[in-house]
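2 protein chains.
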Amino acid sequence: MLYLIGLGLGDAKDITVKGLEVVRRCSRVYLEAYTSILTVGKEVLEEFYGRKLILADREEVEQEADNILKDADICDVAFLVVGDPFGATTHSDLILRATKLGISYRVIHNASIMNAVGCCGLQLYKFGETVSIVFWTDTWRPESFFDKVKKNRQNGMHTLCLLDIKIKEQSLENLIKGRKIYEPPRYMTVNQAAQQLLEIVQNHRIRGEEPAVTEKTLCVGLARVGAEDQKIAAGTLQQMCTVDLGGPLHSLIITGDNMHPLEVEMLSLFSISENGTESTSIDGLRQAGD
Amino acid sequence: MLYLIGLGLGDAKDITVKGLEVVRRCSRVYLEAYTSILTVGKEVLEEFYGRKLILADREEVEQEADNILKDADICDVAFLVVGDPFGATTHSDLILRATKLGISYRVIHNASIMNAVGCCGLQLYKFGETVSIVFWTDTWRPESFFDKVKKNRQNGMHTLCLLDIKIKEQSLENLIKGRKIYEPPRYMTVNQAAQQLLEIVQNHRIRGEEPAVTEKTLCVGLARVGAEDQKIAAGTLQQMCTVDLGGPLHSLIITGDNMHPLEVEMLSLFSISENGTESTSIDGLRQAGD
Numbered sequence: 001m002l003y004l005i006g007l008g009l010g011d012a013k014d015i016t017v018k019g020l021e022v023v024r025r026c027s028r029v030y031l032e033a034y035t036s037i038l039t040v041g042k043e044v045l046e047e048f049y050g051r052k053l054i055l056a057d058r059e060e061v062e063q064e065a066d067n068i069l070k071d072a073d074i075c076d077v078a079f080l081v082v083g084d085p086f087g088a089t090t091h092s093d094l095i096l097r098a099t100k101l102g103i104s105y106r107v108i109h110n111a112s113i114m115n116a117v118g119c120c121g122l123q124l125y126k127f128g129e130t131v132s133i134v135f136w137t138d139t140w141r142p143e144s145f146f147d148k149v150k151k152n153r154q155n156g157m158h159t160l161c162l163l164d165i166k167i168k169e170q171s172l173e174n175l176i177k178g179r180k181i182y183e184p185p186r187y188m189t190v191n192q193a194a195q196q197l198l199e200i201v202q203n204h205r206i207r208g209e210e211p212a213v214t215e216k217t218l219c220v221g222l223a224r225v226g227a228e229d230q231k232i233a234a235g236t237l238q239q240m241c242t243v244d245l246g247g248p249l250h251s252l253i254i255t256g257d258n259m260h261p262l263e264v265e266m267l268s269l270f271s272i273s274e275n276g277t278e279s280t281s282i283d284g285l286r287q288a289g290d
Numbered sequence: 001m002l003y004l005i006g007l008g009l010g011d012a013k014d015i016t017v018k019g020l021e022v023v024r025r026c027s028r029v030y031l032e033a034y035t036s037i038l039t040v041g042k043e044v045l046e047e048f049y050g051r052k053l054i055l056a057d058r059e060e061v062e063q064e065a066d067n068i069l070k071d072a073d074i075c076d077v078a079f080l081v082v083g084d085p086f087g088a089t090t091h092s093d094l095i096l097r098a099t100k101l102g103i104s105y106r107v108i109h110n111a112s113i114m115n116a117v118g119c120c121g122l123q124l125y126k127f128g129e130t131v132s133i134v135f136w137t138d139t140w141r142p143e144s145f146f147d148k149v150k151k152n153r154q155n156g157m158h159t160l161c162l163l164d165i166k167i168k169e170q171s172l173e174n175l176i177k178g179r180k181i182y183e184p185p186r187y188m189t190v191n192q193a194a195q196q197l198l199e200i201v202q203n204h205r206i207r208g209e210e211p212a213v214t215e216k217t218l219c220v221g222l223a224r225v226g227a228e229d230q231k232i233a234a235g236t237l238q239q240m241c242t243v244d245l246g247g248p249l250h251s252l253i254i255t256g257d258n259m260h261p262l263e264v265e266m267l268s269l270f271s272i273s274e275n276g277t278e279s280t281s282i283d284g285l286r287q288a289g290d
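From first to last, the protein sequence lines are chains A and B. Every letter in the first sequence is one number past the one before it in UniProt numbering, and letter 213, counting from 1, is 213. Every letter in the second sequence is one number past the one before it in UniProt numbering, and letter 181, counting from 1, is 181.
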């Protein structure tokens with residue numbers, strides 16, 4: 001049996017009781033290590049689970065799926081995923097391969113950023129399409145996701161923006177020379193995402209288009225959702241450029257209009273005042289929404 | 001401290017390790033009992049947690065929130081919610097009351113139907129606004145949610161339909177006489193939801209409007225997501241009227257067009273063949289989508 005097990009979002013103890021029991025009895029336990037991270041490292045997980053974990057990066061899962069699935073018809077193999085196995089990235093590919101090999105699978109769900117963002121008080125059912133914001137380079141500055149934000153806002157929906165993660169990135173030089181030397185991991189901050197968004201807003205204005213989002217659009221920055229030191233900050237897109245949310249992972253929500261009074265009141269618990277500290281001014285928040 | 005703890009979707013062991021530790025040390029433990037249900041009852045949870053649970057129905061949470069929050073500034077109180085505390089229903093109100101009383105709160109997240117639906121293979125980021133389908137009566141047959149489905153489909157998005165739950169319902173007679181006698185709980189099935197949807201489709205045709213959904217629209221019925229005996233069936237809306245998914249809870253997805261090949265392939269694992277049994281015909285699925 002192949003078990004796909006969600007680890008949740010915070011630390012080792014966010015696994016479910018059922019998930020932990022399965023991990024402890026499986027023959028091999030893989031840890032997917034490319035779409036998200038916990039606030040604790042592999043060693044902490046290994047100690048808590050009492051099991052050695054085999055790191056599986058994107059390359060391995062794609063190219064060596066057969067190794068992962070080896071003998072899974074006669075023994076139990078666990079594949080651990082931060083968040084939920086069907087969170088931001090689905091692991092459909094692994095499931096389809098297993099099914100073709102006649103291997104049964106089971107999913108043990110957990111929280112993922114896709115549902116845990118509800119902690120800021122915005123209602124989950126009012127979220128439209130989720131978008132991803134990638135690190136821009138000098139030559140690659142994609143803006144197409146902005147159309148989806150626009151469509152969501154036109155329909156009064158919030159947009160969850162998942163921010164880029166660069167793990168096992170190679171410098172151009174190392175890539176050309178075929179050297180498997182990797183750069184330190186990079187995680188996009190809410191500040192960086194907001195700055196890129198504001199640049200897109202400016203580009204729209206230069207082209208004479210009315211942007212769907214402005215400096216004043218009410219946004220929510222979230223960091224380390226589900227962890228002890230989680231941080232949430234509600235304020236304008238402009239404020240998101242400078243708010244300090246600490247370490248990764250970060251996510252950004254661009255709100256839709258017509259918020260429910262309860263949503264506004266909840267956001268006010270996290271509002272950024274003029275001087276950058278927390279305040280609880282609901283009026284300020286209402287004015288921030290444009 | 002007030003702890004809002006998600007229980008996940010299946011049985012007692014779907015609570016997280018962290019959640020279980022908190023439950024075991026809290027002074028009082030409430031179980032929210034109106035927005036969703038687990039496959040096991042209160043007694044099974046009590047035995048596994050080793051704690052007595054206080055059932056809190058909607059009335060109590062709304063009218064007696066102060067009782068729930070009593071002394072939570074000096075002791076720990078847990079409020080257990082099936083799924084995630086910010087799943088289909090938010091518990092913003094309780095949090096806002098706690099905050100006003102100067103009581104700190106913490107959320108321990110878990111899977112909810114809002115992210116666990118990913119198990120059918122449809123990509124979560126491509127879901128639009130979530131809708132609720134309620135039991136129709138002779139005199140109350142709301143259709144307004146259909147506009148949201150239409151909007152989602154126009155934008156190529158899937159729609160998750162949460163199906164009605166009637167708990168602590170009073171007959172008109174008992175309501176008038178003020179007798180607190182309640183009807184047995186009712187949970188809408190995928191069959192019932194599909195039949196109501198087809199009636200709305202017919203009403204659109206009678207009015208000369210092109211319906212956004214037809215008998216042939218590809219849908220996914222899900223039952224007891226996250227439980228051992230979970231069932232998923234992919235087929236046309238017409239097929240959803242008769243597919244047998246067993247006991248509650250049920251959910252229905254109305255797919256959007258332009259599915260990714262991986263989504264189609266995953267759905268084919270769950271496709272309903274002509275004779276009502278499972279088949280793996282991808283072509284059949286592709287034709288089913290209109």
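Positions of the beta carbon are idealized from the N, C-alpha and C atoms, including for glycine.
Rounded to whole angstroms, what's the CA-CA distance from residue i to residue j? Just pull it up for me.
| i | j | result |
| --- | --- | --- |
| B:Ile113 | B:Ile253 | 11 Å |
| A:Ser92 | B:Gly226 | 17 Å |
| B:Glu183 | A:Lys70 | 52 Å |
| residue 294 of chain B | B:Val23 | Any property of residue 294 of chain B remains undetermined from this structure, which presents chain B solely from 1 to 290. |
| A:Phe135 | A:Arg186 | 9 Å |
| B:Ile95 | B:Gly41 | 26 Å |
| A:Cys219 | A:Ala234 | 6 Å |
| B:Ser268 | B:Arg97 | 47 Å |
| A:Ala72 | B:Gly246 | 29 Å |
| A:Asp244 | A:Ile54 | 34 Å |
| B:Leu163 | B:Leu172 | 22 Å |
| A:Thr280 | A:Glu263 | In this predicted model, A:Thr280 has a pLDDT of only 41, less than 50, meaning its place in the structure is not dependable; the value taken from the coordinates is given anyway. Distance between the alpha carbons of A:Thr280 and A:Glu263: 13 Å. |
| B:Lys216 | A:Val81 | 35 Å |
| B:Glu278 | B:Ile272 | For B:Glu278, the predicted model reports a pLDDT of 48, less than 50, meaning its position is unreliable; a value from the coordinates is still stated below. The alpha-carbon atoms of B:Glu278 and B:Ile272 are separated by roughly 5 Å. |
| A:Gly221 | A:His260 | 19 Å |
Could you tell me which chain A residues have their CB closer than 9 Å to the CB of residue i, listed as they occur along the chain?
| i | result |
| --- | --- |
| B:Tyr105 | By Cβ distance, chain A contributes nothing, its closest Cβ being about 10 Å from B:Tyr105, past 9 Å. |
When DSSP labels each residue in this structure, what does residue i get in the three-state scheme?
| i | result |
| --- | --- |
| residue 292 of chain A | The requested residue 292 of chain A is not part of the displayed model; chain A covers only 1 to 290. |
| B:Ala116 | helix |
| B:His204 | helix |
| B:Leu218 | strand |
| B:Val243 | coil |
| A:Ile15 | coil |
| B:Leu4 | strand |
| B:Ile181 | coil |
| A:Leu237 | helix |
| B:Phe48 | helix |
| B:Phe270 | coil |
| B:Val29 | strand |
| B:Arg224 | coil |
| A:Phe146 | helix |
| B:Asp283 | Its pLDDT being 49, under 50, B:Asp283 is placed unreliably in this model, and the coordinates cannot settle the point. |
| B:Ala72 | coil |
| B:Arg141 | coil |
| A:Ser251 | strand |
| A:Gly289 | Its pLDDT being 45, under 50, A:Gly289 is placed unreliably in this model, and the coordinates cannot settle the point. |
| B:Gly276 | The predicted position of B:Gly276 is uncertain, since its pLDDT is 48 and thus under 50; a value taken from the coordinates is nonetheless stated next. Coil at B:Gly276, not helix or strand. |
| A:Ser92 | helix |
| A:Ile176 | helix |
| A:Lys168 | coil |
Closer than 7 Å by beta-carbon distance: list the chain A residues that pair up with residue i, in chain order.
| i | result |
| --- | --- |
| B:Ser112 | Asn115 |
Name the chain B residues whose beta carbon is nearer than 8 Å to that of residue i?
| i | result |
| --- | --- |
| A:Thr99 | Leu269 |
| A:Lys151 | Asn155 |
| A:Gly246 | Per Cβ cutoff of 8 Å: no residues; A:Gly246 is ~18 Å from chain B at best. |
| A:Leu197 | Under the 8 Å cutoff, chain B gives no residues; its nearest Cβ is about 18 Å from A:Leu197. |
Kindly list, in the order they appear in chain B, the residues whose Cβ is closer than 9 Å to that of residue i.
| i | result |
| --- | --- |
| A:Gly87 | Asn115, Gly118 and Leu124 |
Applying a beta-carbon distance threshold of less than 8 Å, which residues of chain A neighbour residue i?
| i | result |
| --- | --- |
| B:Ser92 | Gly121, Leu262, Glu263, Glu265 and Met266 |
| B:Gly50 | Chain A residues near B:Gly50: none, gap ~13 Å exceeds 8 Å. |
Output, in chain order, the set of chain B residues within a Cβ distance shorter than 7 Å of residue i.
| i | result |
| --- | --- |
| A:His109 | Gly8, Leu9, Ala111, Ala116 and Gly226 |
Kindly examine the ligand ADP and report whether one of its heavy atoms sits closer than 7 Å to the Cβ of residue i.
| i | result |
| --- | --- |
| A:Gln239 | For the ligand ADP, the structure offers nothing, since it holds no ligand at all. |
* Check whether the stretch 121-129 of chain B touches the stretch 6-22 of chain B, taking contact to mean three or more Cβ pairs, one atom from each stretch, closer than 8 Å. => no
* Asked: Taking three-plus beta-carbon pairs below 8 Å as touching, is the stretch 252-270 of chain A in contact with the stretch 159-171 of chain A?
  -> yes
* Asked: Just by C-beta distance, which residues in the stretch 8-19 of chain A are closer than 7 Å to chain B?
  -> Gly8, Leu9, Lys13, Asp14, Ile15, Thr16, Val17 and Lys18
* Hey, is the stretch 133-153 of chain B in contact with the stretch 200-219 of chain B, meaning 3+ C-beta pairs nearer than 8 Å? -> yes
* **Against chain B: residues of the stretch 127-151 of chain A by CB proximity under 7 Å** => Gly128, Glu129, Thr130 and Lys151
* Asked: If contact means a Cβ-Cβ distance below 7 Å, which residues of the stretch 52-85 of chain A contact chain B?
  -> Asp84
* To do: Please list the residues of the stretch 219-240 of chain B that have a C-beta atom closer than 7 Å to any C-beta atom in chain A, keeping them in chain order.
  => Gly226
* Along the stretch 174-187 of chain A, what residues have a CB closer than 8 Å to any CB found in chain B? -> none
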